[in-house]
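Step one of this worksheet: look at the structure below.
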Amino acid sequence: MICREPPTVCCMHYDLIVIGGGAAGVFAAITCAERSTKSVLVLERTVQLLQKVKISGGGRCNVTHDCMDPRELSAHYPRGEKALIGPFNRFSAADTIDWFTGREWS
Ligand SMILES: Cc1cc2nc3c(=O)[nH]c(=O)nc-3n(C[C@H](O)[C@H](O)[C@H](O)COP(=O)(O)OP(=O)(O)OC[C@H]3O[C@@H](n4cnc5c(N)ncnc54)[C@H](O)[C@@H]3O)c2cc1C
Numbered sequence: 047m048i049c050r051e052p053p054t055v056c057c058m059h060y061d062l063i064v065i066g067g068g069a070a071g072v073f074a075a076i077t078c079a080e081r082s083t084k085s086v087l088v089l090e091r092t093v094q095l096l097q098k099v100k101i102s103g104g105g106r107c108n109v110t111h112d113c114m115d116p117r118e119l120s121a122h123y124p125r126g127e128k129a130l131i132g133p134f135n136r137f138s139a140a141d142t143i144d145w146f147t148g149r150e151w152s
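Heads up: take any position in the sequence shown, counting from 1, add 46, and you land on the working numbering.
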């Protein structure tokens with residue numbers, strides 16, 4: 047549901063408020079809502095959620111890679127190779143595919 051009310055009015059009724067409706071914010075909001083957070087509000091300053099996701103991969107919404115080894119995957123990044131190994135171990139390309147599988151997207 048997209049809330050058009052001023053945030054100062056509607057925010058008081060939510061258990062979690064996420065600032066920013068990009069990939070990270072929407073992913074966090076869905077994950078929390080699916081676990082135990084009863085109500086989540088995503089506040090996005092532009093008119094559309096997930097704008098960068100829509101243009102990623104040249105418009106194909108390229109959201110992961112077919113490389114399941116965290117070290118090998120991180121080696122393909124031009125910056126932050128070492129810093130990415132930990133996050134890729136906690137949530138890998140395979141986890142990303144699992145996350146999208148079974149959900150309905152339009
Ligand atoms: C041209 C292009 C191509 C790309 N291609 C790929 C690709 O092929 N594969 C890939 O994995 N990645 C790709 N990326 C990168 C990927 O899109 C980004 O890494 C990802 O979208 C970042 O998500 P994010 O949620 O961290 O940040 P963002 O997408 O930047 O989201 C942050 C959101 O917060 C909002 N916001 C900021 N401040 C406020 C505020 N004060 N109040 C309310 N809202 C606020 C912003 O408007 C924005 O919507 C590409 C990026 C670009 C630009």
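Backbone N, C-alpha and C define an ideal beta-carbon position, used for all residues, glycine too.
What three-state label does DSSP hand residue i in the structure shown?
{"i": "Leu119", "result": "helix"}
{"i": "Val109", "result": "coil"}
{"i": "Leu96", "result": "coil"}
Determine, using beta carbons only, whether residue i and residue j come nearer to each other than 8 Å.
{"i": "Thr142", "j": "Thr110", "result": "yes"}
{"i": "Val64", "j": "Leu95", "result": "no"}
{"i": "Tyr60", "j": "Ser85", "result": "yes"}
Going straight from the alpha carbon of residue i to that of residue j, what length do you get?
{"i": "Glu90", "j": "Ala69", "result": "12 Å"}
{"i": "Lys100", "j": "Thr83", "result": "27 Å"}
{"i": "Phe134", "j": "Val93", "result": "31 Å"}
{"i": "Cys113", "j": "Ser138", "result": "9 Å"}
{"i": "Lys128", "j": "Ser120", "result": "7 Å"}
{"i": "Ile131", "j": "Ala140", "result": "14 Å"}
Is residue i close to ligand 2? I mean its beta-carbon at under 7 Å from any heavy atom of the ligand.
{"i": "Ala70", "result": "Here the bound small molecules are ligand 1; ligand 2 is not part of this structure."}
Rounded C-beta distance between residue i and residue j? I'm assuming under 8 Å.
{"i": "Gly104", "j": "Val88", "result": "The Cβ separation is near 26 Å, so there is no contact."}
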